[in-house]
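Notes to accompany the following structure.
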Amino acid sequence: MVQRIRKAIFPVGGLGTRFLPATKAMPKEMLPVVDKPLIQYAVEEAQAAGIEEFIFVTGRSKTAIEDHFDHSYELETTLRERGKDAQIAMVNSWMPQPGQIAYTRQQVPLGLGHAVWCARNLIGDEPFAVLLADDLILADIPCLAQMVEVHRKTAGNVVAVMEVQREHTNRYGVLDVEGDDGRLVSVKGVVEKPDPAVAPSNLSIIGRYILQPEVFDHLAHIGRGAGNEIQLTDALAELIRGNKPFHGLRFSGTRFDCGDKVGFLQANIAFALARPDLTDALRKILNGYC
Ligand code: UTP
399 MVQRIRKAIF PVGGLGTRFL PATKAMPKEM LPVVDKPLIQ YAVEEAQAAG
449 IEEFIFVTGR SKTAIEDHFD HSYELETTLR ERGKDAQIAM VNSWMPQPGQ
499 IAYTRQQVPL GLGHAVWCAR NLIGDEPFAV LLADDLILAD IPCLAQMVEV
549 HRKTAGNVVA VMEVQREHTN RYGVLDVEGD DGRLVSVKGV VEKPDPAVAP
599 SNLSIIGRYI LQPEVFDHLA HIGRGAGNEI QLTDALAELI RGNKPFHGLR
649 FSGTRFDCGD KVGFLQANIA FALARPDLTD ALRKILNGYC
């Protein structure tokens with residue numbers, strides 16, 4: 399029987415230097431797309447995939463995230479007094495239950511691999527998900543739910559992948575593909591940020607992973623890689639050499655790189671256009687600019 403994916407890690411310990419000064423006192427995962435912070439989109443995606451335990455690996459200025467996933471009694475009292483019950487539901491309905499959220503601190507931002515490793519004791523010995531909130535995905539079926547469905551059939555490790563322009567392979571972890579049915583690929587290797595000239599493919603991993611707990615053993619010894627950071631991709635390369643299946647899923651949906659200013663602006667436009675209450679007004683404005 400394939401073990402169910404119950405736990406998810408949300409690494410939110412990065413410095414977010416590309417968004418300074420917005421991220422000076424606030425994690426970039428609190429930046430809003432339309433009217434919701436990136437981290438809330440990620441948590442809702444995890445909830446839709448059946449996740450029951452939400453593990454945040456935080457860095458400095460973590461309080462904004464903790465506060466966001468907690469009751470705000472003053473706000474709720476004021477909204478109640480004003481008879482705004484719908485808005486109370488809007489600030490509470492998606493909140494995980496008490497005891498479902500855990501926080502651990504990365505202390506030093508040594509890279510994504512290190513952030514994931516920091517959650518090892520909270521995960522224990524079971525497969526788990528990792529969601530990077532700055533990769534925002536607009537999809538009919540939430541991306542992680544698509545991956546959980548694949549995991550139910552294949553077990554092992556599953557990563558979300560997309561084709562990128564070859565000249566951009568040096569921004570991603572890139573797969574060395576063994577088999578490909580058009581949706582699911584089996585993988586024989588992965589390289590972090592390869593030069594386009596030597597990249598094994600243009601199929602790149604984006605910020606959604608379902609991983610086996612063996613990854614923690616690899617993270618413990620791999621040391622620093624590209625950019626002098628402890629790279630999750632380097633531990634994935636070790637996992638691929640192991641004895642559990644490793645698949646890449648070409649998910650259905652559109653991914654926005656909200657760690658980058660242009661991607662973030664694009665996400666705001668796409669998510670606003672998808673909202674019935676905003677689409678007409680925004681279309682008019684965009685037509686004016688074009
Ligand atoms: P990025 O590569 O986007 O780095 O991290 P960053 O520091 O957040 O942003 P920039 O490049 O300085 O603008 C990808 C993901 O990994 C997390 C980030 O929070 C983000 O979700 N991360 C990165 C950590 O949790 N810890 C780290 O040490 C590095």
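At the far end of the sequence shown sits residue 688, using my numbering, and the numbering has no gaps. A virtual CB, placed ideally from N, CA and C, is assigned to each residue, including glycine.
Is the CB-CB distance between residue i and residue j below 8 Å?
i, j, result
"residue 668", "residue 654", "yes"
"residue 592", "residue 567", "yes"
"residue 469", "residue 435", "no"
"residue 437", "residue 407", "no"
"residue 555", "residue 610", "yes"
"residue 495", "residue 456", "no"
"residue 404", "residue 479", "no"
"residue 400", "residue 549", "yes"
"residue 607", "residue 557", "yes"
"residue 543", "residue 440", "no"
"residue 658", "residue 416", "yes"
"residue 464", "residue 501", "yes"
"residue 598", "residue 573", "yes"
"residue 428", "residue 462", "yes"
"residue 536", "residue 656", "no"
So the candidates are the options; which of them puts its Cα closest to the Cα of residue i?
i, options, result
"residue 410", "403, 399 and 459", "459"
"residue 634", "476, 473 and 571", "571"
"residue 673", "432, 401, 487 and 522", "432"
"residue 670", "506, 681 and 507", "681"
"residue 506", "627, 449 and 612", "627"
"residue 651", "541, 583 and 624", "541"
"residue 582", "417, 545 and 490", "545"
"residue 704", "658, 539, 621 and 489", "As shown, the chain starts at 399 and ends at 688. That puts residue 704 outside it, with no answer to give."
"residue 491", "500, 676 and 474", "474"
"residue 368", "688, 663, 596 and 677", "This structure leaves residue 368 out entirely; the chain is present only between 399 and 688."
"residue 444", "498, 471, 683 and 687", "498"
"residue 569", "625, 526 and 683", "625"
"residue 596", "678, 565 and 538", "565"
"residue 539", "448, 418 and 476", "448"
"residue 715", "687, 613, 471 and 580", "Given that the chain is displayed from residue 399 to residue 688, the structure contains no residue 715 and the question cannot be resolved."
"residue 647", "547, 675 and 665", "547"
"residue 493", "631, 685, 442 and 678", "442"
Under the criterion of a Cβ to heavy atom distance below 7 Å, does residue i qualify as lining the ligand GTP?
i, result
"residue 445", "In terms of ligand content, the structure shown lacks the ligand GTP and carries the ligand UTP instead."
Just checking, does the segment 516-524 make contact with the segment 414-424 on the three C-beta pairs under 8 Å criterion?
-> no
Report the residue ranges of all alpha helix (DSSP H) runs contained in full by the segment 441-521; include only those spanning at least 4 residues, in chain order.
-> 461-466, 471-479, 483-490, 510-515 and 518-521
Taking three-plus beta-carbon pairs below 8 Å as touching, is the segment 557-567 in contact with the segment 601-618?
-> yes
Quick check: the segment 577-588 against the segment 620-639, are there 3 or more CB pairs under 8 Å?
-> yes
Specify whether the segment 502-517 and the segment 612-619 touch according to this definition: at least 3 beta carbon pairs, one from each stretch, less than 8 Å apart.
-> yes
Ignoring anything shorter than 4 residues or poking outside the segment 566-626, list the alpha helix (DSSP H) runs there in chain order.
-> 613-619
Should the segment 476-487 be regarded as contacting the segment 530-548, the criterion being three or more beta carbon pairs within less than 8 Å?
-> no
Which runs of the alpha helix (DSSP H), 4 residues or longer, sit entirely within the segment 528-552?
-> 541-552
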